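Worksheet: one structure, shown below.
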Amino acid sequence: MFFRPILAIITAVLIITTSYFFSGIAIGKTAKTQVPGVYSFMLGDFTITALSDGTLPQDLPKLLTNTNPAEIDRLLHSSFLTNPVEASINAFLIDTGDKQVLVDTGSGELFGPKLGGKLQVSLKAAGYAPDEIDTVLLTHIHSDHSGGLVKGDQLMFPTATVYVGKPDVDFWLNPANAERSQLDRKYFDEAVKTVKPYLDAGKLKPFSGKTVILPGITARPTPGHTPGHSFFLVQSGGESIEFWGDILHVASVQFPKPEITIVYDVDPNAAAVQRAKQFADAQISRRLVAGAHLPFPGVGHIRAEGKGYAWVPVDYRWREQ
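Residues in the sequence shown are numbered consecutively from 1, following UniProt numbering.
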């Protein structure tokens, strides 16, 4: 008889605890905040980490060119998507052991408080601080790639040297181009806001042509989207990955139809030709590639499919090495 009251108390505690536990799960399912976006893997002796800067919606009929709404809808439908689509903004960290190298910096404050701007949160979650970054590689100067360089008047990577293709520096930081270009003036203003502080501080190093930035890291010009758009080829221990920047913006549309362009292209025709060439080369070489606007983590391969191409993301891995 003595054990019955004890058993009743234990049962009551278990019921209360279990109810509380499952109510917590229900609350968790309705949470509106994602955890920081971080995905790391080894490339030879280097550690590569994909860092999410967040996502933003894209109204494709307003943005894509050399196509039409019906074609866009058909291509989206094939990928189980509808307009507007959510675009990833990805940056990447290369930890060589000696150097911490950041590829692109996300959008910073340029898209407002609710869109993008999450790179610093992801960087911290990956175990790195901004002042640990030695080198920043910009695939090109656009708001969602150079925006994270600054916060207000503050350099977000004060100890880093920033590398970017010289044609982009010459184009975006030239006031005369802002006056005569048909592109939105804000792109030039944002370039001045984000990149010029590093130029003024002596921390900007424009490069021309194919350039070895650091041992194992080589820049390769791929103009079209912008005049100085570049890929960065990273090699270590017989393995390689190439960071592609904005060779494409919408995987579900531009892989099957590389000729489709976007209003952000400085030279749409050159961008389409460049995209077709790089897709063809990548599917032949079977090279691992990473894209700024591919669905996070944005790392995978390209294969030929029909008259176009298809994206094959890497298998997710989370286990001890």
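Where is the CB? At the ideal position from N, CA and C, for every residue including glycine.
In this text the structure is predicted, and so the values were computed from the model without any measurement.
Of the residues assessed, Q278 falls on the buried side of the cut-off, its CB having 16 or more other CB atoms within 10 angstroms. Taking the CA atoms as reference points, K307 sits about 7 Å from P256. The segment 85 to 101 and the segment 132 to 147 touch, with three or more beta-carbon pairs separated by less than 8 Å. Nearest neighbour of V250 by Cα position, chosen from V263, Q154, E242 and E239, turns out to be V263. Following the DSSP letters along the chain, one finds F46 inside the beta strand (DSSP E) bounded by residues F46 to Q58.
Bounds of the alpha helix (DSSP H) holding D281 are P268 to S285. Three or more Cβ pairs drawn from the segment 228 to 237 and the segment 164 to 178 lie within less than 8 Å of each other, which places the two stretches in contact. Here DSSP, grouped into helix, strand and coil, assigns I141 to coil. P167: member of the alpha helix (DSSP H) spanning K166 to W172, first to last residue. In this structure, T226 places its C-beta atom within 8 Å of the C-beta atom of V266. In the DSSP assignment, L75 falls within the alpha helix (DSSP H) that extends over P69 to S78.
For F296, the CB contacts under 7 Å within the same chain, skipping 5 residues up- and downstream, are G37, A50, S52, S88 and N90 in chain order. When the beta-carbon positions are compared, Q283 and A304 come within less than 8 Å of each other. For secondary structure counted as the alpha helix (DSSP H) over 4 or more consecutive residues, the segment 92 to 155 holds these complete runs in sequence order: 119 to 125 and 143 to 146. Secondary structure at N90: strand, using DSSP grouped into helix, strand and coil.
The shortest CA-to-CA distance from V195 to any of G245, P57, D131 and G152 is the one to G152. Shown here, L294 sits in coil according to DSSP, grouped into three states, outside any helix or strand. By the Cβ neighbour-count rule, Q154 is exposed, with fewer than 16 other Cβ atoms within 10 Å of its own.
A straight-line Cα-Cα distance of about 18 Å links E259 and S78. The continuous stretches of beta strand (DSSP E) do not include P215, and DSSP gives it neither H nor E. The count of Cβ pairs closer than 8 Å, one atom from the segment 232 to 246 and one from the segment 180 to 194, stays below three, leaving the stretches out of contact.
With respect to T105, F243 sits apart: the two C-beta atoms are not nearer than 8 Å. For G216, the closest C-alpha among the options G44, P57 and T65 is that of G44.
In the structure shown, S208 falls within a coil segment according to DSSP collapsed to helix, strand and coil.
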